Amino acid sequence: MTLREQIRRNYLMTAVLLTFFGVLMAAVGAALYSIYGTGAAIAVLIGGVAWALFSWFMSTSVVSAVTGARPITKADNPELYRIVENLSIAAGLPATPEVRIVDDPAPNAFAAGRNAKNCYVCVTTGLLQTMDKRELEGVIGHELAHVQHRDVRLMTLVAVLVGVIAMISDIALRMMFFGGGRRRSGNAGDLIILAIGICGLILAPLAAVGIQLAISRKREYLADAGGAEISGDAEGLALALRKLMDDPREIRDTSRSTAHLYIEGPLHKASGPRALLGGMFDTHPPLEDRIARLEEMGGFKLPPETAAVAQ
Amino acid sequence: MVWVIVLVAVLVVVGLLLIFAFNRLVRLRNETEAGWSNIDVQLKRRNDLIPNLVESVKGYAAHERGLFDEITQARAAVSGAGGPAQAAAASDQLSGAMGRLFAVAENYPQLRASENFQQLQAELTDTEDKIAAARRYYNSVVQTYNTAIQSFPALLYAGLLGFRQREFFAAEDDERVTPQVSTT
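Line by line, the protein sequences give chains A and B. With positions in the first sequence counted from 1, the corresponding number in this note's numbering is that position plus 298. With positions in the second sequence counted from 1, the corresponding number in this note's numbering is that position plus 1158.
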């Protein structure tokens, strides 16, 4: 699969997943209708849309406050700044994004911002210590690809949709438990419809989160492919991912709400019950998979023991 | 009556499709122009750096007249180039000559130690990197644009509306002329 084909397929998959979102919304609406009738269904859906608009406009400025990144200038770290500058030119971005650093020994990086003109790229001090120039270029290329693909905006939109579905289902279920609900005559057909509606309301939020994470994983593959195109060096990015895989440290201060922004899923090293779910609830695909795709795209093969050789 | 409605609907849909296709071509053409101006800015910046560098080496190695002449000519060829392909050929020649200039400078420890020279050299290297980056972007945008105007149905009207193919920023004999991605 060439790079362009991979990018096309990823876009297609994102479109398919977003369509699933629409279907899910419709299903929730149908469930409401079957249980409560027209009036309540419309009222709850209007509430949902209002909530969606509210969280969409509130969400834009939250990220920078959460992560504690400080901006740097060209004089502070000319090498890093040059890499960002040059790769922005190669990505065709309208301006060089702001460069920020987080003091954290764990190697990681993320990009944030509303659009290509108004965004920043952030790396941890750990990343600067672990990576050589080529690997750093791979990582920054990946982040700039996120900026180029408008991923931050897309993922915010998706998070808002998940929130709305969760809220509507929650309200609907509560209304039922507290005896709201339109009483129907107890014939069997109505009971079945009621049961299906309740199941739908319980499962909808779970399905929404599943779709959200699937989109997030698709966007990671897309950013890997785009990043390799920007830096012109798929192997550099693969080497960087290999280093991230070998590094056991996890970044501090991350929460679910910012997890999808990082180059390496900051929560993926968690073990316990989540590990049993086989990655269904990860924001990022496994690093091995991402490296394998880069190898396929770039037509190279990393030696099996890079970590040992590098030391 | 039904047929009139169907006809109108079909015309509206076709009209919308044509508008979208046309706007896409305009957007792509603008992107190639922005990409070209990226390259142009960096080529000018390099041309501005070169006289100072040549002067500082001349002070030590005045006998390398042939090399200095070659640099002067290549520099003039870059600024006077008639199109991307010519500019790329001249630019590659200039890069080669500058490489040799730095090789000459290696023989003069005093020159190498000079802070002014080091700074000029670092800036030139940075500019060369930026030219390479801008070239990568420009060539990939040009490829998308050229593919778009050669594809059906755009090829029927693209020429009439003044969408012309753009040259890659690559010398004729350069292997990188061949894009890495097949256009299918």
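Ideal Cβ placement from N, Cα and C applies to all residues, glycine included. The structure displayed is predicted, hence computed values, not measured ones.
Expected contact under 8 Å - CB spacing of residue i and residue j to nearest Å
{"i": "I399 (chain A)", "j": "V382 (chain A)", "result": "About 12 Å separates the two Cβ atoms, so there is no contact after all."}
{"i": "S529 (chain A)", "j": "L535 (chain A)", "result": "7 Å"}
{"i": "L592 (chain A)", "j": "P405 (chain A)", "result": "Not really, about 18 Å apart at Cβ, beyond 8 Å."}
{"i": "V1236 (chain B)", "j": "A1243 (chain B)", "result": "Their Cβ separation, rounded to whole angstroms, is 13 Å, which puts V1236 (chain B) and A1243 (chain B) out of contact at 8 Å."}
{"i": "V445 (chain A)", "j": "P395 (chain A)", "result": "6 Å"}
{"i": "A1312 (chain B)", "j": "A1179 (chain B)", "result": "6 Å"}
{"i": "L511 (chain A)", "j": "D580 (chain A)", "result": "7 Å"}
{"i": "A410 (chain A)", "j": "C417 (chain A)", "result": "6 Å"}
{"i": "G327 (chain A)", "j": "A338 (chain A)", "result": "Contact doesn't hold; Cβ gap of about 11 Å is too wide."}
{"i": "L442 (chain A)", "j": "G525 (chain A)", "result": "7 Å"}
{"i": "D531 (chain A)", "j": "E435 (chain A)", "result": "7 Å"}
Beta-carbon gap between residue i and residue j smaller than 7 Å
{"i": "I589 (chain A)", "j": "L539 (chain A)", "result": "yes"}
{"i": "A1329 (chain B)", "j": "A1247 (chain B)", "result": "yes"}
{"i": "K372 (chain A)", "j": "A393 (chain A)", "result": "no"}
{"i": "T1190 (chain B)", "j": "V1299 (chain B)", "result": "yes"}
{"i": "L1278 (chain B)", "j": "Y1218 (chain B)", "result": "no"}
{"i": "V437 (chain A)", "j": "I333 (chain A)", "result": "no"}
{"i": "V458 (chain A)", "j": "S353 (chain A)", "result": "yes"}
{"i": "W349 (chain A)", "j": "M474 (chain A)", "result": "no"}
{"i": "P583 (chain A)", "j": "R515 (chain A)", "result": "yes"}
{"i": "W1194 (chain B)", "j": "Y1296 (chain B)", "result": "yes"}
{"i": "T312 (chain A)", "j": "I463 (chain A)", "result": "no"}
{"i": "A521 (chain A)", "j": "H440 (chain A)", "result": "yes"}
{"i": "A470 (chain A)", "j": "L322 (chain A)", "result": "no"}
{"i": "E1325 (chain B)", "j": "G1241 (chain B)", "result": "yes"}
{"i": "D449 (chain A)", "j": "R368 (chain A)", "result": "no"}
{"i": "R1185 (chain B)", "j": "T1285 (chain B)", "result": "no"}
Buried versus exposed, by CB contacts within 10 Å (16 or more), residue i
{"i": "L574 (chain A)", "result": "With a pLDDT of 47 at L574 (chain A), under the threshold of 50, the predicted position of this residue should be treated as unreliable, though the coordinate-derived value follows. Answer is exposed; the Cβ neighbour count stays below 16."}
{"i": "G1257 (chain B)", "result": "exposed"}
{"i": "I1208 (chain B)", "result": "buried"}
{"i": "K1288 (chain B)", "result": "buried"}
{"i": "R1223 (chain B)", "result": "exposed"}
{"i": "V419 (chain A)", "result": "buried"}
{"i": "S1249 (chain B)", "result": "buried"}
{"i": "L1183 (chain B)", "result": "buried"}
{"i": "V1172 (chain B)", "result": "exposed"}
{"i": "Y309 (chain A)", "result": "exposed"}
{"i": "L1252 (chain B)", "result": "buried"}
{"i": "S1309 (chain B)", "result": "exposed"}
{"i": "M453 (chain A)", "result": "buried"}
{"i": "E433 (chain A)", "result": "buried"}
{"i": "P571 (chain A)", "result": "Caution is warranted here: a pLDDT of 46 is assigned to P571 (chain A), below 50, making its placement in the model unreliable, and no coordinate value can be reported."}
{"i": "R1294 (chain B)", "result": "buried"}
{"i": "H447 (chain A)", "result": "buried"}
{"i": "F355 (chain A)", "result": "exposed"}
{"i": "A329 (chain A)", "result": "buried"}
{"i": "I1163 (chain B)", "result": "exposed"}
Beta-carbon contacts of residue i that lie in its chain and below 8 Å, excluding the five residues immediately before and after
{"i": "I370 (chain A)", "result": "L378, Y379, V397, R398, I399"}
{"i": "A325 (chain A)", "result": "G498, A502"}
{"i": "L1211 (chain B)", "result": "M1256, L1259, F1275, L1278, Q1279, L1282"}
{"i": "T423 (chain A)", "result": "I399, V400, D401, D402, P403"}
{"i": "L600 (chain A)", "result": "E533, A536, L537, R540, I589, E593"}
{"i": "L315 (chain A)", "result": "I509, A512, I513, K516"}
{"i": "Y331 (chain A)", "result": "A339"}
{"i": "T428 (chain A)", "result": "P405, K541, D545"}
{"i": "I1229 (chain B)", "result": "I1208, V1212, L1252, A1255, M1256, L1259"}
{"i": "L1225 (chain B)", "result": "A1255, R1258, L1259, V1262"}
7 Å Cβ shell around residue i - same chain, five flanking residues per side excluded
{"i": "R1187 (chain B)", "result": "Y1303, F1321"}
{"i": "E533 (chain A)", "result": "G596, F598"}
{"i": "T1342 (chain B)", "result": "Since pLDDT at T1342 (chain B) reaches only 36, below the 50 mark, its modelled position is unreliable, and no value is offered."}
{"i": "A568 (chain A)", "result": "The pLDDT assigned to A568 (chain A) is 46, lower than 50, so where the model puts this residue is not dependable; a value taken from the coordinates is nonetheless given after this. None."}
{"i": "V456 (chain A)", "result": "Q510, I513"}
{"i": "Q609 (chain A)", "result": "For Q609 (chain A), the predicted structure reports a pLDDT of 38, less than 50, and the residue's modelled location is therefore unreliable. The matter cannot be settled from this model."}
Cutoff 6 Å; reference residue i; Cβ partners in own chain excluding five residues on either side
{"i": "A1292 (chain B)", "result": "N1196, I1197, Q1200"}
{"i": "E1264 (chain B)", "result": "none"}
{"i": "D1214 (chain B)", "result": "Strictly speaking, residue 1214 (chain B) in this sequence is Ser, with Asp absent from that position. Result list for S1214 (chain B): F1275, in chain order."}
{"i": "F1266 (chain B)", "result": "In the sequence as displayed, the identity of residue 1266 (chain B) is Tyr instead of Phe. Excluding residues within five positions, the ones whose Cβ falls inside 6 Å are Y1218."}
{"i": "L1175 (chain B)", "result": "none"}
| Segment contact, 8 Å Cβ cut-off, at least three pairs: the stretch 378–397 of chain A with the stretch 493–507 of chain A | no
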